[in-house]
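Here's the structure we're looking at; comments come further down.
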Amino acid sequence: MLTESMVKEEFTQDSENRFIEELRSELQLNDAEEAVLRALNIRRPEELVSLTHNFPSLATEGIDLAKLSNAGWARSAGGFKAMSQKIAARANRTAAMEIGLGAAYPAGAPAPPGSKVPMPMARQRKRAKAAAGATRSASVAGTIDVRAPKWAVKDQGKRGTCVAFATVACREHLQHQSRGKLTILSEQYLYWATKKKTGDPFPAIDGTLLRFAKDAIEQIGTCAGSLWLYDKRKRAGDITHESPRRPSRAAHADASAWKQAVGSYAGGSSAGSGNAAALLNALTSTGRPVAISLPVFTDPTVGVDNWNTPIGVLYGRVIDPPPTSLAFGLGHAVCVCGFVPDAAESNGGYFIVRNSWGSRWGIAAPTPGYHAFERGYGEVSATYVEKYLWEMLVF
């Protein structure tokens with residue numbers, strides 16, 4: 218539910234990042250090191266370790282990774298160290314985490330696949346003052362939480378169906394808000410409808426746009442989850458899992474009851490500036506979640522992305538796109554369910570996202586020092602949204 222605290226709580230964080238100040242004094246950070254840490258708002262030692270271990274290409278820009286990593290490791294909690302080592306070992310074998318990415322790039326959006334994140338200006342200081350920051354224009358003074366009660370996080374598995382999961386989550390919440398009842402709906406059906414019944418130009422290739430999911434939910438709908446159960450397994454040459462019996466007549470009949478006009482959509486070149494404020498305003502004005510898609514970034518030399526570093530897997534903390542990293546071929550769509558103010562974040566705080574990787578991600582949430590509400594949820598900075606938003610869908 219939308220909490221009263223959103224208009225009553227006070228900012229308690231300092232606008233200056235104390236952790237970076239400590240590192241600057243102790244390690245004598247050079248200009249490039251300080252600029253990177255401030256640009257990414259590295260707040261805790263675990264974040265520093267996750268950054269330095271998983272984005273080694275930063276060394277090409279004068280970043281002393283060993284110095285920073287050692288400092289972060291010495292300060293990190295024991296549980297984090299154990300998980301970090303497990304993730305590193307798994308990354309050496311295959312990928313850090315076998316997860317699905319399925320948000321396609323909308324033409325005109327920032328960070329097209331393969332684009333490189335530039336280095337920030339030397340000694341850049343990120344300070345969020347009361348009159349500055351894109352989210353502050355929305356006049357929110359405290360935590361926003363629009364989750365429905367007893368709303369279990371789902372798992373898309375290895376398939377590129379995140380767009381369907383984010384859209385269905387918003388439709389489920391709308392039903393709960395309007396009728397007081399939470400009905401579990403079918404991502405399987407919506408993904409099939411999106412790929413087969415809309416203008417998606419690549420119906421046989423995994424991944425899609427929120428724009429096409431919008432068309433599907435408005436024109437075709439989706440069905441109750443029990444009428445077409447989701448299968449997490451990937452099938453070669455069969456991205457929608459369609460068969461002579463699936464979707465069934467019962468599924469088609471039920472889908473029409475779940476058609477829903479979308480309130481607003483922005484994507485690609487239409488997203489523009491003011492993205493963080495627009496997203497925050499959507500949360501506060503409707504009291505319900507918003508589906509968004511964002512690019513995902515990887516280091517050129519390793520397979521771990523900025524969503525699946527140890528602090529992502531453990532706490533749901535998504536690192537802002539690190540300099541030297543590259544935008545991956547597909548991005549990720551999530552359901553934004555809240556916002557937590559943080560004065561040290563240059564655009565005012567962190568959006569809380571409901572992910573679709575089940576309990577395999579954000580497994581230690583909630584944890585003090587991090588903002589994710591519960592297991593399966595995470596946090597994305599308002600700066601990430603402001604700079605890199607691909608699409609936004611508001612019911």
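With the working numbering applied, the sequence shown covers 218 to 612. Just so it is clear, CB atoms sit at the ideal spot from N, CA and C, and this is done for glycine as well. All figures in this text were calculated on a predicted structure; none of them were measured in a lab.
Item	Value
Beta-carbon proximity of Leu427 to Leu610, cut-off 8 Å	yes
Cβ-Cβ separation, Ser274 to Pro517 (assumed contact under 8 Å), whole Å	5 Å
Test item: CB-CB of Phe545 and Val513 under 8 Å	yes
Contact set for Thr415: own chain, Cβ-Cβ below 6 Å, skip 5 residues either direction	Phe429, Asp432, Ala433
One or two residues paired with Leu511 in a DSSP bridge	His549
DSSP-derived helix/strand/coil call for Cys440	coil
Residue range of the unbroken beta strand (DSSP E) whose run includes Leu610	608 to 611
Cβ neighbour criterion (16 or more within 10 Å) applied to Tyr322	buried
Assigned secondary structure, Arg592 (DSSP; H/G/I helix, E/B strand, else coil)	coil
C-beta atoms of Phe556 and Ile361 nearer than 8 Å	yes
Given 8 Å, three or more beta-carbon pairs between the stretch 364 to 378 and the stretch 567 to 581	yes
Beta-carbon proximity of Ala475 to Leu402, cut-off 8 Å	Note that residue 475 is Trp in the sequence shown here, rather than Ala. Against a cut-off of 8 Å, the Cβ pair of Leu402 and Trp475 comes out as a contact.
Met338 burial status per 10 Å Cβ neighbour count (16 or more: buried)	exposed
Cross-strand partners of Ser332 (DSSP beta bridge)	DSSP output for Ser332 lists no bridge partner at all.
Through-space distance from Gly374 to Ile509, alpha-carbon basis	19 Å
Exposure of Thr277, with buried meaning 16 or more beta-carbon neighbours within 10 Å	exposed
CB contact flag (Val521, Asn271, <8 Å)	yes
Nonlocal neighbours in the same chain, by C-beta distance under 8 Å from Gln477, ignoring five residues either side	Arg388, Leu391, Ile434, Glu435, Gly438, Phe612
Contacting residues, own chain, Cβ-Cβ under 7 Å from Arg235 (five flanking each side not counted)	none
For Gly295 and Gly504, the rounded distance between their alpha carbons	39 Å
Paired residues, beta bridge with Ser481 - DSSP	Val611
Which of helix, strand or coil DSSP assigns to Arg255	helix
Ranges of the alpha helix (DSSP H) found wholly within the stretch 411 to 471, counting only runs of at least 4	427 to 436
Sequence-distant residues of the same chain with beta carbon closer than 8 Å to Tyr594, five excluded per side	Val370, Gly533, Cys554, Ile569, Val570, Arg571, Asn572, Gly579, Ala582
Cut-off 7 Å between Cβ atoms - residues of its own chain near Leu407, not counting five sequence neighbours on either side	Ala381, Thr384, Val385, Ala430, Ala433, Ile434, Thr439
Lys398 vs Thr457 beta-carbon contact at 8 Å	no
Spatial distance of Arg310 from Ile316 (CA atoms)	Low per-residue confidence applies at Arg310: pLDDT is 48, beneath 50, and the placement is therefore not dependable enough to give any value.
Inter-residue Cα distance where the pair is Ser405 and Asn525	Checking the displayed sequence, the identity of residue 405 turns out to be Gln instead of Ser. Spanning the two alpha carbons is a distance of roughly 25 Å.
Exposed unless 16 or more other CB atoms sit within 10 angstroms - verdict on Pro461	exposed
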